[in-house]
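Take a look at the structure set out below.
Residue numbers (my numbering): 738 to 797.
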C-alpha cells in the first residue's frame, strides 16, 4: 500500500473517531471540530489528488 493512501485512510479514521466522541459527549464546540475535520480532510484529499495527477512515486 502506498504511504500517501495509508495516511489518507488513517486521517479519515482518526477524524471520524474524534467527531464520534465529541458527538457522544455533547460537546458545545462540536461545530468547530466538524469544520476543522472537514477542512483537514479536504486538504488531505487535495494532496492525494495532486500527487496522483502529478505522478507520485514511492521510492524504495
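Here a beta-carbon is modelled for each residue, glycine too, at the ideal position from N, C-alpha and C.
Nearest to residue 773 by CA position, among 761, 790, 792, 749, is which residue? In the chain shown, counting from the first residue as 1, residue 773 sits at position 36. With distances taken between Cα atoms, residue 773 lies closest to 749.
Proximity below 8 Å, CB of residue 752 to CB of residue 785: Sequence index remark: in the chain shown, residue 752 carries index 15 (1-based). Sequence index remark: in the chain shown, residue 785 carries index 48 (1-based). Not in contact: residue 752 and residue 785 (Cβ atoms no closer than 8 Å).
Which of helix, strand or coil does DSSP assign to residue 763? Position 26 of the chain shown, counting from 1, holds the residue named residue 763. The three-state reading of DSSP puts residue 763 in coil, since its state is none of H, G, I, E or B.
Just to confirm, are residue 771 and residue 756 a CB contact at a threshold of 8 Å? Here residue 771 is taken as the residue at index 34 of the chain shown, counted from 1. Here residue 756 is taken as the residue at index 19 of the chain shown, counted from 1. A Cβ-Cβ contact shorter than 8 Å links residue 771 with residue 756.
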